[in-house]
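Trainee: With the first letter of the sequence shown counted as 1, position 41 gets the number 40 in numbering that gives the first Met the number 0; the numbers rise by one all the way through. We put the beta carbon where it would ideally sit given N, CA and C, even for glycine. Everything numeric in this text was worked out from a predicted model, so none of it was measured.
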Amino acid sequence: MKSFVAQIREEATKRALYRRTRDEIASMSRAEALDLGIFPEDAAKIAHQAVYG
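1) Out of Ala11, Ser2 and Glu40, which one is the CA nearest neighbour of glutamate 23?
2) Assign alanine 46 to buried or exposed, taking buried as 16 or more other Cβ atoms, counted over all protein chains shown, within 10 Å of its Cβ.
3) Rounding to the nearest angstrom, what Cα-Cα distance links alanine 32 and isoleucine 7 in this structure?
4) So what does DSSP say about lysine 13, is it helix, strand or coil?
5) Determine the burial state of alanine 42: buried for a count of at least 16 other Cβ atoms within 10 Å of its Cβ, exposed for fewer.
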């Protein structure tokens, strides 16, 4: 069982990774995103799936 502090740290780390991933996807040009088969408008959904499963 994780301690409360360890759990909070893990969640904060995941949240930071989510924000960074979301922002990077959202800042892509449409051409870059389409080359990867994604839409910048789906940045939040894609980032959530990548970080939280």
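Mentor: In terms of the structure at hand:
1) To locate residue 23, count along the sequence shown from 1; it is residue 24. Cα-wise, what sits closest to glutamate 23 is Glu40.
2) As a working note, residue 46 is residue 47 in the sequence shown. When all chains shown are included, alanine 46 counts as buried.
3) As a first step, residue 32 must be located in the sequence shown, where it is residue number 33. As a first step, residue 7 must be located in the sequence shown, where it is residue number 8. Going by the C-alpha atoms only, they are around 33 Å apart.
4) Position 14 of the sequence shown, counted from the start, is the residue given in the question as residue 13. Reduced to three states, the DSSP call for lysine 13 is helix.
5) Stepping through the sequence shown from its first residue, residue 42 is reached at position 43. With 16 or more Cβ atoms within 10 Å of its Cβ, alanine 42 is classed as buried.
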